[in-house]
Amino acid sequence: MVSCFTGELNGSYLDLQTSNMPHFVYIYHKKSMSTAQTIKVNYGIDAPGVVRNLFLGGLAAFLIPVFFPVITIGSVIIDTRGLFWTAGGCTLGGILMLAYSLYGKYKHRDRMLNLVSWTGNEQVLDIGTGKGLLMIGAAKRLTTGKAIGIDIWNAEDLTGNTIQNTVKNTIAEGVADKTQILNENAMEMSFADNTFDVILTNMTLHNIYDKPGRQKACTEIARVLKPGGVAVIADFRHAKEYKSNFDELGTQNTLYRADYFRTFPAVSVLVVKK
Ligand SMILES: C[S@@+](CC[C@H](N)C(=O)[O-])C[C@H]1O[C@@H](n2cnc3c(N)ncnc32)[C@H](O)[C@@H]1O
Numbered sequence: 033m034v035s036c037f038t039g040e041l042n043g044s045y046l047d048l049q050t051s052n053m054p055h056f057v058y059i060y061h062k063k064s065m066s067t068a069q070t071i072k073v074n075y076g077i078d079a080p081g082v083v084r085n086l087f088l089g090g091l092a093a094f095l096i097p098v099f100f101p102v103i104t105i106g107s108v109i110i111d112t113r114g115l116f117w118t119a120g121g122c123t124l125g126g127i128l129m130l131a132y133s134l135y136g137k138y139k140h141r142d143r144m145l146n147l148v149s150w151t152g153n154e155q156v157l158d159i160g161t162g163k164g165l166l167m168i169g170a171a172k173r174l175t176t177g178k179a180i181g182i183d184i185w186n187a188e189d190l191t192g193n194t195i196q197n198t199v200k201n202t203i204a205e206g207v208a209d210k211t212q213i214l215n216e217n218a219m220e221m222s223f224a225d226n227t228f229d230v231i232l233t234n235m236t237l238h239n240i241y242d243k244p245g246r247q248k249a250c251t252e253i254a255r256v257l258k259p260g261g262v263a264v265i266a267d268f269r270h271a272k273e274y275k276s277n278f279d280e281l282g283t284q285n286t287l288y289r290a291d292y293f294r295t296f297p298a299v300s301v302l303v304v305k306k
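Pasting the structure below:
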């Protein structure tokens with residue numbers, strides 16, 4: 033075991049330790065501190081590279097017609113002013129993606145969580161938890177239950193996507209005692225069959241780029257979900273593919289249409305009952 037974060041958080045002394053393989057395990061020790069420190073909750077910006085490229089592309093598409101409205105190459109004359117539309121489209125896309133990360137995803141999280149009839153005793157799994165958006169949201173609805181978040185911590189999928197930042201969020205949100213964070217891949221989970229009452233996953237499965245991999249993740253979800261349990265799966269791509277995977281697995285599945293108001297790109301939600 034090696035320490036990967038040690039410091040003061042909310043007046044507590046935190047010693048975050050990681051085992052090398054295969055799971056992260058975190059342990060925190062509370063000691064009274066003389067000065068309380070406030071931690072800010074931060075759930076990050078989704079796909080920051082895409083947001084950056086949209087703004088840069090928008091800027092380039094704006095500047096080209098400003099400085100070179102007409103480009104002549106030999107006998108070919110190119111009117112570049114049509115690029116203003118491209119500039120507008122790219123910039124709007126960047127703004128809408130930022131708006132989702134800063135505002136929309138909290139409404140979207142609540143929409144997902146409201147699809148579950150909570151008793152407070154559930155064992156919950158959030159797949160691709162990132163900085164804990166769904167895991168922490170679920171933990172706040174629990175009394176004796178527990179929420180586990182798993183991830184492989186892809187830096188390009190979310191700003192500040194590290195287990196340390198996720199642990200900080202659980203402490204800042206007051207749910208550290210109801211949560212556990214593990215380093216696991218959606219395609220190969222270590223949990224026993226029929227472990228979870230509720231499984232949540234948001235904007236994660238599309239990051240598995242091959243179809244058999246996504247099918248494997250769906251099979252794993254069906255395997256670790258308890259009979260009578262519910263999985264809420266949200267993504268902006270492949271929703272029909274996920275439904276067809278679960279149809280083959282024999283669960284009861286309802287696909288809710290994409291939400292164009294709170295999410296960008298628009299996210300569809302699939303509810304799976306085993
Ligand atoms: C766009 S982020 C969304 C994070 C979080 N669900 C949310 O809504 O804020 C996608 C997350 O999926 C994780 N991820 C990607 N592929 C994964 C896989 N095969 N298994 C587990 N997590 C994965 C990434 O590391 C990242 O944290």
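Quick note on my numbering: the sequence shown kicks off at 33 and runs consecutively.
Even for Gly, the Cβ is constructed at its ideal location relative to N, Cα and C.
{"Query": "Nearest residue (CA-CA) to Ala-271, options Asn-197, Lys-243, Val-256", "Result": "Lys-243"}
{"Query": "N-terminal and C-terminal residue of the alpha helix (DSSP H) that Tyr-288 is part of", "Result": "Segment 284 to 291 is the beta strand (DSSP E) holding Tyr-288; no alpha helix (DSSP H) there."}
{"Query": "Beta bridge counterpart(s) of Val-108 as assigned by DSSP", "Result": "Ile-105"}
{"Query": "Any non-hydrogen atom of ligand 1 closer than 7 Å to Ile-7 Cβ", "Result": "Not covered by the structure: residue 7. The range shown for the chain is 33 to 306."}
{"Query": "Check: Ala-298 C-beta below 7 Å from any heavy atom of ligand 1", "Result": "no"}
{"Query": "Gly-162 versus Glu-205, Thr-191, Ile-110, residue with shortest Cα-Cα distance", "Result": "Thr-191"}
{"Query": "Ile-103 versus Ile-109 - alpha carbon distance", "Result": "6 Å"}
{"Query": "Where the beta strand (DSSP E) containing Gly-76 begins and where it ends", "Result": "It is not in any beta strand (DSSP E) - Gly-76 carries neither H nor E in the DSSP assignment."}
{"Query": "Asn-85: CB within 7 Å of a non-hydrogen atom of ligand 1", "Result": "no"}
{"Query": "Distance between Gly-125 and Thr-112 (C-alpha atoms, nearest Å)", "Result": "21 Å"}
{"Query": "Alpha-carbon to alpha-carbon, Arg-269 and Val-82", "Result": "16 Å"}
{"Query": "Entirely enclosed beta strand (DSSP E) segments - the segment 248 to 280, minimum 3 residues", "Result": "257 to 267"}
{"Query": "C-alpha distance - His-61 paired with Ala-208, whole-angstrom precision", "Result": "The pLDDT assigned to His-61 is 40, lower than 50, so where the model puts this residue is not dependable; a value taken from the coordinates is nonetheless given after this. Cα-Cα distance, rounded: 12 Å."}
{"Query": "Contact belief for Phe-278 with Val-304 at Cβ below 8 Å, rounded distance in angstroms", "Result": "5 Å"}
{"Query": "Heavy atom of ligand 3 within 7 Å of Pro-259 beta-carbon", "Result": "You won't find ligand 3 in this model; what it holds is ligand 1."}
{"Query": "Leu-165: CB within 7 Å of a non-hydrogen atom of ligand 1", "Result": "yes"}
{"Query": "Three-state secondary structure assigned by DSSP to Ile-180", "Result": "strand"}
{"Query": "Classification of Gly-76 by the beta-carbon crowding that lies within 10 angstroms, buried from 16 upward", "Result": "buried"}
{"Query": "N-terminal and C-terminal residue of the alpha helix (DSSP H) that Leu-115 is part of", "Result": "115 to 131"}
{"Query": "Given Thr-176 as reference, the closest of Ala-187, Asp-267, Thr-211 once Cα atoms are compared", "Result": "Thr-211"}
{"Query": "Beta-carbon contacts of Leu-232 that lie in its chain and below 6 Å, excluding the five residues immediately before and after", "Result": "Asp-158, Leu-166, Val-264"}
{"Query": "Proximity test, Thr-211 beta-carbon vs ligand 1 heavy atom, cut-off 7 Å", "Result": "no"}
{"Query": "Val-304 - partner residues in DSSP beta bridges", "Result": "Ala-263, Asn-285"}
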